[in-house]
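**Student:** Chains as they are written, first to last, in our numbering: chain A, 187 to 401; chain B, 187 to 401.
Protein chains: 2
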Amino acid sequence: MSLARVQHFSISLDGFGTGEGLSVEAPFGHAGEKLHEWMLATRWGRSLFGRTGGTRGLDDTFLRLFESGIGAEIMGAGKFGPPGWHEDPQWRGWWGANPPFHTPVYVLTHHPRPSIEMEGGTSFHFIDASPADALEAARKAAAGQDVRIGGGPSIIRDFIAAGLIDHMHIVVVPILLGRGVRLWDKLEGLENAFEIEATTSPSGVIHLMFSRRDT
Amino acid sequence: MSLARVQHFSISLDGFGTGEGLSVEAPFGHAGEKLHEWMLATRWGRSLFGRTGGTRGLDDTFLRLFESGIGAEIMGAGKFGPPGWHEDPQWRGWWGANPPFHTPVYVLTHHPRPSIEMEGGTSFHFIDASPADALEAARKAAAGQDVRIGGGPSIIRDFIAAGLIDHMHIVVVPILLGRGVRLWDKLEGLENAFEIEATTSPSGVIHLMFSRRDT
Numbered sequence: 187m188s189l190a191r192v193q194h195f196s197i198s199l200d201g202f203g204t205g206e207g208l209s210v211e212a213p214f215g216h217a218g219e220k221l222h223e224w225m226l227a228t229r230w231g232r233s234l235f236g237r238t239g240g241t242r243g244l245d246d247t248f249l250r251l252f253e254s255g256i257g258a259e260i261m262g263a264g265k266f267g268p269p270g271w272h273e274d275p276q277w278r279g280w281w282g283a284n285p286p287f288h289t290p291v292y293v294l295t296h297h298p299r300p301s302i303e304m305e306g307g308t309s310f311h312f313i314d315a316s317p318a319d320a321l322e323a324a325r326k327a328a329a330g331q332d333v334r335i336g337g338g339p340s341i342i343r344d345f346i347a348a349g350l351i352d353h354m355h356i357v358v359v360p361i362l363l364g365r366g367v368r369l370w371d372k373l374e375g376l377e378n379a380f381e382i383e384a385t386t387s388p389s390g391v392i393h394l395m396f397s398r399r400d401t
Numbered sequence: 187m188s189l190a191r192v193q194h195f196s197i198s199l200d201g202f203g204t205g206e207g208l209s210v211e212a213p214f215g216h217a218g219e220k221l222h223e224w225m226l227a228t229r230w231g232r233s234l235f236g237r238t239g240g241t242r243g244l245d246d247t248f249l250r251l252f253e254s255g256i257g258a259e260i261m262g263a264g265k266f267g268p269p270g271w272h273e274d275p276q277w278r279g280w281w282g283a284n285p286p287f288h289t290p291v292y293v294l295t296h297h298p299r300p301s302i303e304m305e306g307g308t309s310f311h312f313i314d315a316s317p318a319d320a321l322e323a324a325r326k327a328a329a330g331q332d333v334r335i336g337g338g339p340s341i342i343r344d345f346i347a348a349g350l351i352d353h354m355h356i357v358v359v360p361i362l363l364g365r366g367v368r369l370w371d372k373l374e375g376l377e378n379a380f381e382i383e384a385t386t387s388p389s390g391v392i393h394l395m396f397s398r399r400d401t
């Protein structure tokens, strides 16, 4: 069965999945790299930037699941580019010619445009669709594999609220951002739908795993 | 040196330290006992209600520090009683004739009233004061011992914002309350002032310890 999964999505202790004031210079706004330093310290995280070295412990272990069993991703418009990217016909995402997805990626946007084929197997498809319809499209493209719900926080929250998430790995970083976009708003009683397991890492982050009870 | 300490204060994953709709029948509003079930499962928690049995693991270990080195408590009006308690001259708190504090307790309220002596060494003193002034009064009463900042969430937040907390033990319960009073609002950058350590318990809760860097 093809699952909808959230992978290593980072939030602050006060629940923000991104900061305030997003721009092309500040993809996470005032949060800067603070939500992702734990990733950049790992061997996997460093390899994304062509670097060697890095930790090989628990954080790296979680990150290495990134491509495992994933056949497509769904992301929000706010992840694909800075505010206003839809007005730039040349914008092709943050990730350069060979993005790290290596699958079809469905970008939820109110401004659809033609699909883009990138190097390394990534293709971007722009759709104006409900979470359920987007998941159906991504599942077809995934050909039996799982679909990653890639964020940002608003999109993950929409998929949770629609009851569409099967497994979710959230990483709580011990910082307080104070402002930005919250992941957890209006999700009262989520613990009734998910088994929740927590483990701490020597890096200081807390890994939370949510497994839907009926799958 | 007399420290200002927060002990085992429970919040939900979405950061609420109490629920919505507080009343004499529902001291934590719609949260019910959900934030405190982990305490009620411990040997220490059960002993508060004259019961035997209960767990003796990590959660119980933390709770047994409750009285250790504490000479006074400061609490908010919202912890002392339900909304409107100040209109009832007979209200003497939630805890019966022998409250579990066994020290002077300073209740921050805009409606001061005469002090009350309870059994077992607890006395309630009602003051309309700033966090700094309340801490000064409680420190005198504590005679060199530490002062517990007992909650609720608004009072703890006020003391954090005023830079008055030395050590803080926060327990994150894996539930989403969705509404209520948040602990973390407007505390951006708190990690700059505190070393933060996290450990998970087999009960499912996450213990967070904040130690002020300059103490």
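Note that beta-carbon positions come from the ideal geometry of N, C-alpha and C, so glycine has one too.
What you are looking at is a predicted structure, and each value in this text was computed from that prediction instead of being measured.
Give me the chain B residues within the contact set of isoleucine 361(A), using Cβ-Cβ distance strictly less than 7 Å, ordered along the chain.
**Tutor:** Within the first sequence, residue 361(A) is the residue found at index 175, counting from 1. Neighbours of isoleucine 361(A) on chain B, chain order: Glu377.
**Student:** DSSP three-state label for glutamate 322(B), please.
**Tutor:** On the second sequence, position 136 is the one that residue 322(B) refers to. Three-state result, glutamate 322(B): helix.
**Student:** Name the DSSP bridge partner or partners of valine 358(A)?
**Tutor:** Taking the first sequence and counting its residues from 1, the one referred to as residue 358(A) is at position 172. DSSP lists Ile197(A) and Ile392(A) as partners of valine 358(A).
**Student:** Within a Cβ cutoff of 7 Å, which residues of the same chain sit near valine 210(B), ignoring the five residues on either side of it in sequence?
**Tutor:** Start at 1 with the first residue of the second sequence, and residue 210(B) comes out as number 24. Cβ within range, chain order: Pro268.
**Student:** Spell out a yes or no on whether the stretch 368–387 of chain A and the stretch 334–353 of chain A are touching, meaning 3 or more CB-CB pairs, one atom from each, closer than 8 Å.
**Tutor:** yes
**Student:** Around the C-beta of histidine 297(A), are 16 or more other C-beta atoms found within 10 angstroms, so that it is buried, or is it exposed?
**Tutor:** Walking along the first sequence from the start, residue 297(A) turns up at place 111. Exposed, because fewer than 16 other Cβ atoms sit within 10 Å of the Cβ of histidine 297(A).
**Student:** Consult DSSP for leucine 294(B) and reduce its assignment to one of helix, strand or coil.
**Tutor:** Here residue 294(B) corresponds to residue number 108 of the second sequence, with the count starting at 1. Leucine 294(B) falls in the strand class under three-state DSSP.
**Student:** If you check the beta carbons only, do serine 387(A) and leucine 294(A) fall under 8 Å apart?
**Tutor:** Working through the first sequence from its first residue, we reach residue 387(A) at position 201. Working through the first sequence from its first residue, we reach residue 294(A) at position 108. No. Outside cutoff.
**Student:** Tell me whether aspartate 246(B) is buried or exposed, calling it buried when 16 or more other Cβ atoms sit within 10 Å of its Cβ.
**Tutor:** The residue you call residue 246(B) lines up with position 60 of the second sequence. With 16 or more other Cβ atoms within 10 Å, it is buried.
**Student:** Would you tell me roughly how many angstroms separate the C-alpha atoms of serine 198(B) and leucine 199(A), rounded to the nearest one?
**Tutor:** The residue you call residue 198(B) lines up with position 12 of the second sequence. The residue you call residue 199(A) lines up with position 13 of the first sequence. Serine 198(B) and leucine 199(A) have their C-alpha atoms roughly 11 Å apart.
**Student:** DSSP beta-bridge partners for alanine 190(B)?
**Tutor:** By 1-based counting over the second sequence, the position of residue 190(B) is 4. Beta-bridge pairing by DSSP links alanine 190(B) to Val333(B).
**Student:** For valine 192(B) and histidine 311(B), which I take to be in contact (beta-carbon distance under 8 Å), what is that distance rounded to the nearest angstrom?
**Tutor:** The residue you call residue 192(B) lines up with position 6 of the second sequence. The residue you call residue 311(B) lines up with position 125 of the second sequence. That belief does not hold up - the Cβ atoms of valine 192(B) and histidine 311(B) are roughly 20 Å apart, past 8 Å.
**Student:** Using a Cβ-Cβ cut-off of less than 9 Å, list which residues of the stretch 239–257 of chain B approach chain A; keep chain order.
**Tutor:** Going along the stretch 239–257 of chain B in chain order, one finds no residue with a Cβ nearer than 9 Å to chain A.
**Student:** What are the start and end residues of the alpha helix (DSSP H) that includes threonine 385(B)?
**Tutor:** Indexing the second sequence from 1 puts residue 385(B) at position 199. It is not in any alpha helix (DSSP H) - threonine 385(B) instead sits in the beta strand (DSSP E) that spans 380–386.
**Student:** May I ask you to report which of helix, strand or coil DSSP gives histidine 222(A)?
**Tutor:** For the purposes of this step, residue 222(A) is identified with residue 36 of the first sequence, where counting begins at 1. In the structure shown, histidine 222(A) sits in coil (DSSP, three-state: anything other than H, G, I, E or B).
**Student:** Residues of chain B with a CB under 7 Å from the CB of tryptophan 370(A): which are they?
**Tutor:** By one-based count along the first sequence, residue 370(A) stands at place 184. Leu199, Asp200 and Leu362, listed in chain order.
**Student:** Take threonine 241(A) and list the residues in its own chain whose beta-carbon comes closer than 6 Å to its own, dropping the five residues that flank it on each side.
**Tutor:** The sequence position of residue 241(A) within the first sequence is 55, counting from 1. Around threonine 241(A): Ala227 and Thr228.
**Student:** Relative to the C-alpha of leucine 363(A), which candidate in Phe266(A), Ser188(A), Ala190(A) and Gly207(A) has its C-alpha closest?
**Tutor:** Along the first sequence, one-based indexing puts residue 363(A) at 177. Per the C-alpha coordinates, the member of Phe266(A), Ser188(A), Ala190(A) and Gly207(A) positioned closest to leucine 363(A) is Gly207(A).
**Student:** Can you pull the chain B neighbours of isoleucine 392(A), defined as C-beta to C-beta under 9 Å?
**Tutor:** Numbered from 1 along the first sequence, position 206 holds the residue referred to as residue 392(A). Per Cβ cutoff of 9 Å: Val358, Ala384, Thr386, Ile392 and Leu394.
**Student:** For chain D, check one thing: does any of its Cβ atoms lie closer than 8 Å to the Cβ of glutamate 223(B)?
**Tutor:** Considering every chain present, this structure includes no chain D. Its protein chains are A and B.
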